[in-house]
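First the structure, in the form of structure tokens, and then the observations on it.
Chains as they are written, first to last, in this note's numbering: chain A, 1 to 112; chain B, 113 to 228.
Quick look at the structure:
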């Protein structure tokens with residue numbers, strides 16, 4: 001079983017739609033959860049960072065963590081064509097120090 | 113806004129040659145990292161560096177790899193004898209380990225390494 005899984009997509013939505021991106025993981029020790037956005041041939045850009053369970057909101061983005069289900073989500077409201085990118089989840093736990101385990105990414109395409 | 117920079121953006125080298133990839137982390141950051149991403153695959157951790165020494169490394173980071181902080185601003189990754197399978201994007205990242213932001217790693221734009 002892979003440590004962190006994501007639906008690779010591509011996920012295509014019309015502009016203005018609400019987008020839901022998800023990751024599942026197998027290691028219950030993960031405590032820190034991050035979402036990165038990566039444009040083609042660019043470095044990952046940090047979007048959201050959460051610790052343990054719960055929700056966090058930042059503008060059009062909301063991150064949710066459900067540790068009991070080992071499931072995290074990123075919601076994008078009022079999606080824009082500029083949101084078209086690959087979205088990576090990453091996670092870490094104290095045994096790993098600050099080293100992240102990344103998911104394979106979900107490719108999102110927002111159509112104008 | 114401060115950012116991580118990397119040079120060169122693209123490096124082509126022949127198999128067996130040594131390469132050095134360079135990074136300038138964000139100035140007040142204390143932890144530095146290298147990751148790689150083979151085309152079409154996930155981002156993989158290589159090594160973390162703190163207080164002038166390696167704090168963690170992955171199985172990928174074997175004896176062919178080394179890291180150095182030669183001065184107060186640069187952070188380098190050296191591959192001694194490149195192999196075809198070292199072809200990938202190499203990302204440098206940095207973070208500042210203060211409360212609430214220890215896991216906010218900021219990535220550079222990457223260096224695309226092509227080994228022929």
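Backbone N, C-alpha and C fix where the C-beta goes; we use that ideal spot for every residue, glycine too.
CA nearest to the CA of residue 31 of chain A, picked from A:72, A:15 and A:76: Residue mapping note: residue 31 of chain A aligns to position 31 of the first chain, counting from 1. Residue A:72 is the option with its Cα nearest to residue 31 of chain A.
Going by alpha carbons, who is nearest to residue 47 of chain A out of B:143, B:225 and B:219? Here residue 47 of chain A is taken as the residue at index 47 of the first chain, counted from 1. Out of B:143, B:225 and B:219, B:219 has the C-alpha closest to the C-alpha of residue 47 of chain A.
What is the rounded straight-line gap between the Cα of residue 118 of chain B and the Cα of residue 185 of chain B? Within the second chain, numbered from 1, the residue matching residue 118 of chain B stands at position 6. Within the second chain, numbered from 1, the residue matching residue 185 of chain B stands at position 73. Whole-angstrom Cα-Cα distance: 12 Å.
Go through its chain and collect everything with a Cβ distance to residue 78 of chain A's Cβ below 7 Å, but skip five positions before and after it. Locating residue 78 of chain A in the first chain gives position 78, counting from the first residue. If we look at residue 78 of chain A and ignore the five residues flanking it on each side, its Cβ neighbours are 16 and 60.
Pairwise C-alpha distance: residue 148 of chain B and residue 158 of chain B: As a working note, residue 158 of chain B is residue 46 in the second chain. As a working note, residue 148 of chain B is residue 36 in the second chain. Each residue's Cα considered, the two are about 7 Å apart.
Going by CA-CA distance only, name the one from B:226, B:115, B:198 and B:142 that's closest to residue 177 of chain B. To locate residue 177 of chain B, count along the second chain from 1; it is residue 65. Checked all of B:226, B:115, B:198 and B:142; the closest Cα to residue 177 of chain B is B:198.
Could you give the C-beta distance for residue 110 of chain A and residue 83 of chain A, rounded to a whole number, given that I count them as a contact under 8 Å? Walking along the first chain from the start, residue 110 of chain A turns up at place 110. Walking along the first chain from the start, residue 83 of chain A turns up at place 83. A Cβ-Cβ distance of about 5 Å is found for the pair residue 110 of chain A and residue 83 of chain A, placing them in contact under the 8 Å criterion.
Contact residues within the region 99 to 112 of chain A, judged by C-beta distance below 9 Å to chain B: So the close ones are 99, 100, 101, 102, 103, 104 and 105.
At a CB-CB cut-off below 7 Å, which residues of chain C make contact with residue 218 of chain B? You won't find chain C in this structure, because its protein chains are A and B.
Starting from the beta carbon of residue 113 of chain B, find every residue of chain A whose beta carbon is closer than 9 Å, and list them in chain order. In the second chain, residue 113 of chain B corresponds to position 1, counting from 1. The premise fails here: residue 113 of chain B is roughly 12 Å from chain A at the closest Cβ pair, so nothing lies under 9 Å.
Contact between the region 86 to 95 of chain A and the region 23 to 30 of chain A (3+ Cβ pairs under 8 Å): With a cut-off of 8 Å on Cβ pairs, the region 86 to 95 of chain A is in contact with the region 23 to 30 of chain A, counting three or more such pairs.
From residue 106 of chain A to residue 125 of chain B, what distance separates their C-alpha atoms? As a working note, residue 106 of chain A is residue 106 in the first chain. As a working note, residue 125 of chain B is residue 13 in the second chain. Taking the straight line joining both Cα atoms gives about 31 Å.
How is the beta strand (DSSP E) around residue 221 of chain B delimited, first residue to last? The residue given as residue 221 of chain B occupies position 109 in the second chain. Premise fails: residue 221 of chain B is in no beta strand (DSSP E) and is neither H nor E.
Taking a contact to mean a Cβ-Cβ separation below 8 Å, would you say residue 187 of chain B touches residue 161 of chain B in this structure? Locating residue 187 of chain B in the second chain gives position 75, where the first residue counts as 1. Locating residue 161 of chain B in the second chain gives position 49, where the first residue counts as 1. Between residue 187 of chain B and residue 161 of chain B, the C-beta gap is smaller than 8 Å, which places the two residues in contact.
Determine the burial state of residue 128 of chain B: buried for a count of at least 16 other Cβ atoms within 10 Å of its Cβ, exposed for fewer. For the purposes of this step, residue 128 of chain B is identified with residue 16 of the second chain, where counting begins at 1. With fewer than 16 Cβ atoms within 10 Å of its Cβ, residue 128 of chain B is classed as exposed.
Starting from the C-beta of residue 12 of chain A, find all residues in its chain whose C-beta is less than 7 Å away, skip the five residues before and the five after it, and write them out in chain order. Position 12 of the first chain, counted from the first residue, corresponds to residue 12 of chain A. Taken in chain order, the residues that qualify are 109 and 111.
Going along the chain, which residues of the region 115 to 136 of chain B sit with their C-beta nearer than 9 Å to a C-beta in chain A? Using a CB distance below 9 Å, the part of the region 115 to 136 of chain B facing chain A consists of 116 and 118, ordered along the chain.
Contact belief for residue 155 of chain B with residue 44 of chain A at Cβ below 8 Å, rounded distance in angstroms: Taking the second chain and counting its residues from 1, one reaches residue 155 of chain B at position 43. Taking the first chain and counting its residues from 1, one reaches residue 44 of chain A at position 44. Between residue 44 of chain A and residue 155 of chain B the Cβ distance is about 7 Å, and since that is below 8 Å, they are a contact.
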